[in-house]
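One structure is given here, and the rest of the page talks about it.
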Amino acid sequence: KIDWEIPRKTLHSSIGFLTLSLYIRGGTPQPVIVVLTGTLAIVASADFLRFRFSTFEALYETFLGFLMRESEKHKINGVVWYLVGVLFALYFYPMDIAVVAILILSWADTAASTIGRLYGRYTPALPSRVLRIPIPFVKARYHPRLGFASRKSTAGFMAAALTGLVITTSFWGYFGPLRAGFDAGSASVAASEPGMVWTWKNGSWGGLAVLGVVAGLISGVTEALDLGCLDDNLTLPILSGGAIWALAEGIRW
-9 KIDWEIPRKT
1 LHSSIGFLTL
11 SLYIRGGTPQ
21 PVIVVLTGTL
31 AIVASADFLR
41 FRFSTFEALY
51 ETFLGFLMRE
61 SEKHKINGVV
71 WYLVGVLFAL
81 YFYPMDIAVV
91 AILILSWADT
101 AASTIGRLYG
111 RYTPALPSRV
121 LRIPIPFVKA
131 RYHPRLGFAS
141 RKSTAGFMAA
151 ALTGLVITTS
161 FWGYFGPLRA
171 GFDAGSASVA
181 ASEPGMVWTW
191 KNGSWGGLAV
201 LGVVAGLISG
211 VTEALDLGCL
221 DDNLTLPILS
231 GGAIWALAEG
241 IRW
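Quick note on numbering: the working numbering labels position 135 of the sequence shown as 125, and the sequence is numbered without any gaps.
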């Protein structure tokens, strides 16, 4: 029997709609960062108490256990990593890149998980080793290798990639310019706020298509990567946002 994790995925996906809504209405990152930092402090403290006191652990799981995976009951809650990943994107990336990274975390990750559970067993397994990372003065056999997590599937990879493509093209092609106060002439919303990394003024359908396809592949790869003990709620927005930012700047240049 497949566990669809409906409450968890509903919460996971809803963050994307909230983020897009705040962006379009002209919201700024600073208040959101403050709120999320406070939320992170509360959630992390609750996690500490959960591991420290069995009574609190039982109470915690009684009320919030339906949002947790079984594996998370014995390690740091995924919500902690989710908040850290979102905060990283909001703090270090341009606003439009941060929004896209959060949408990928919210929607591409959910799509990969859902489609992977539904069709993953019918598709080939992803390669466990893809790239060897060279380290100077270290013998080749000791170089670490990047690969895809064994629990990930080709179906999930394709779902994440397609969702990432749709997110990227629809955001910069349509939703981005809807932002309150956006000036299509200057590609900015205020003198103190940098413009979007891609606009119709400095781009074309071809550029948007390339951005979307490559960003989709970035979404699929970063969602499926095996990075050891690192939680994908942390790595997905950081890696996808950074890679898409570099890609967008390259296309604009």
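Idealized CB from N, CA, C, for every residue including glycine. Given the structure is predicted, the values throughout are model-derived calculations rather than measurements.
Open item on the list: Can you tell me which residues form a DSSP beta bridge with Asp221?
Closed with: As a working mapping, residue 221 is identified with position 231 in the sequence shown. For Asp221, which the question treats as bridged, DSSP gives no partner whatsoever.
- [ ] Tell whether a beta-carbon distance below 9 Å holds between Tyr50 and Ala34.
- [x] As a working mapping, residue 50 is identified with position 60 in the sequence shown. As a working mapping, residue 34 is identified with position 44 in the sequence shown. Taking 9 Å as the Cβ cut-off, Tyr50 and Ala34 do not qualify as a contacting pair.
Task: Inter-residue spacing [alpha-carbon to alpha-carbon] between Asn67 and Met58 - done: Start at 1 with the first residue of the sequence shown, and residue 67 comes out as number 77. Start at 1 with the first residue of the sequence shown, and residue 58 comes out as number 68. Approximately 7 Å between the Cα atoms of the pair.
TODO: Over the uninterrupted alpha helix (DSSP H) stretch that includes Ala265, give me the two end residues.
DONE: In the structure as shown, the chain begins at -9 and stops at 243. Residue 265 is therefore absent and cannot be evaluated.
Task: Residues bridged to Ala205 [DSSP beta-bridge criterion] - done: Within the sequence shown, numbered from 1, the residue matching residue 205 stands at position 215. DSSP lists no partner for Ala205.
TODO: Enumerate in chain order the residues of its own chain whose CB-to-CB distance from Gly163 is below 7 Å, with the five nearest sequence positions on each side excluded.
DONE: Here the question's residue 163 lines up with position 173 in the sequence shown. Only Leu198 meet the Cβ criterion.
- [ ] Name the residue from Leu10, Phe41 and Arg119 whose alpha carbon lies nearest to the alpha carbon of Ser160.
- [x] On the sequence shown, position 170 is the one that residue 160 refers to. When each option's Cα is compared against that of Ser160, the closest is Leu10.
TODO: Please classify Ser143: does DSSP put it in a helix, a strand, or coil?
DONE: Against the sequence shown, residue 143 aligns to sequence position 153. In this structure, Ser143 counts as strand in the three-state DSSP scheme.
Open item on the list: Leu136 and Leu215 - do their beta-carbons sit closer together than 9 Å?
Closed with: Reading the sequence shown from its first residue, position 225 is the one you call residue 215. Reading the sequence shown from its first residue, position 146 is the one you call residue 136. Contact: yes.
Open item on the list: In whole angstroms, give me the CA-to-CA distance for Phe7 and Phe43.
Closed with: Counting from one through the sequence shown, the residue named residue 7 turns up at place 17. Counting from one through the sequence shown, the residue named residue 43 turns up at place 53. So the alpha carbons of these two residues sit roughly 36 Å apart.
Task: Contact belief for Val187 with Ala238 at Cβ below 8 Å, rounded distance in angstroms - done: As a working mapping, residue 187 is identified with position 197 in the sequence shown. As a working mapping, residue 238 is identified with position 248 in the sequence shown. Contact holds; Cβ gap of about 4 Å.
Task: Closest by C-alpha distance to Pro167, when choosing among Ser3, Tyr109, Val22 and Arg15 - done: The residue given as residue 167 occupies position 177 in the sequence shown. Ranking Ser3, Tyr109, Val22 and Arg15 by Cα distance to Pro167 puts Arg15 first.
- [ ] Note down the Cα distance separating Gly106 from Gly240, rounded to an integer number of angstroms.
- [x] By one-based count along the sequence shown, residue 106 stands at place 116. By one-based count along the sequence shown, residue 240 stands at place 250. For Gly106 and Gly240, the distance between alpha carbons rounds to 32 Å.
Open item on the list: For Gly231, which residues in the same chain have their Cβ closer than 6 Å to its Cβ, ignoring the five residues on either side in sequence?
Closed with: Residue mapping note: residue 231 aligns to position 241 of the sequence shown, counting from 1. The answer, listed in chain order, is Ala79, Tyr83, Ile87 and Ala91.
Open item on the list: Alpha carbons only, please: which of Gly75, Pro(-3), Thr100 and Ala31 is nearest the one belonging to Phe53?
Closed with: Taking the sequence shown and counting its residues from 1, one reaches residue 53 at position 63. Answer by Cα proximity: Pro(-3).
- [ ] Identify the continuous alpha helix (DSSP H) that holds Trp71 and give its terminal residues.
- [x] Numbered from its first residue, the sequence shown carries residue 71 at position 81. Gly68 to Phe82 is the span of the alpha helix (DSSP H), which, as asked, contains Trp71.
Open item on the list: Just to check my reading of the structure: Leu77 and Ile23 have Cβ atoms closer than 8 Å, yes? What is that Cβ distance to the nearest angstrom?
Closed with: Taking the first residue of the sequence shown as position 1, residue 77 is located at position 87. Taking the first residue of the sequence shown as position 1, residue 23 is located at position 33. Their Cβ separation, rounded to whole angstroms, is 6 Å, which keeps Leu77 and Ile23 in contact under 8 Å.
- [ ] Answer yes or no: do Ala261 and Thr144 have a C-beta to C-beta separation smaller than 9 Å?
- [x] Limits of the chain in this structure are -9 at one end and 243 at the other, which puts residue 261 out of reach.
Open item on the list: Less than 9 Å between the C-beta atoms of Leu155 and Ala205, yes or no?
Closed with: The residue given as residue 155 occupies position 165 in the sequence shown. The residue given as residue 205 occupies position 215 in the sequence shown. Taking 9 Å as the Cβ cut-off, Leu155 and Ala205 qualify as a contacting pair.
Open item on the list: Taking only three categories from DSSP, how would you classify Leu116?
Closed with: Counted from its first residue, the sequence shown places residue 116 at position 126. Coil.
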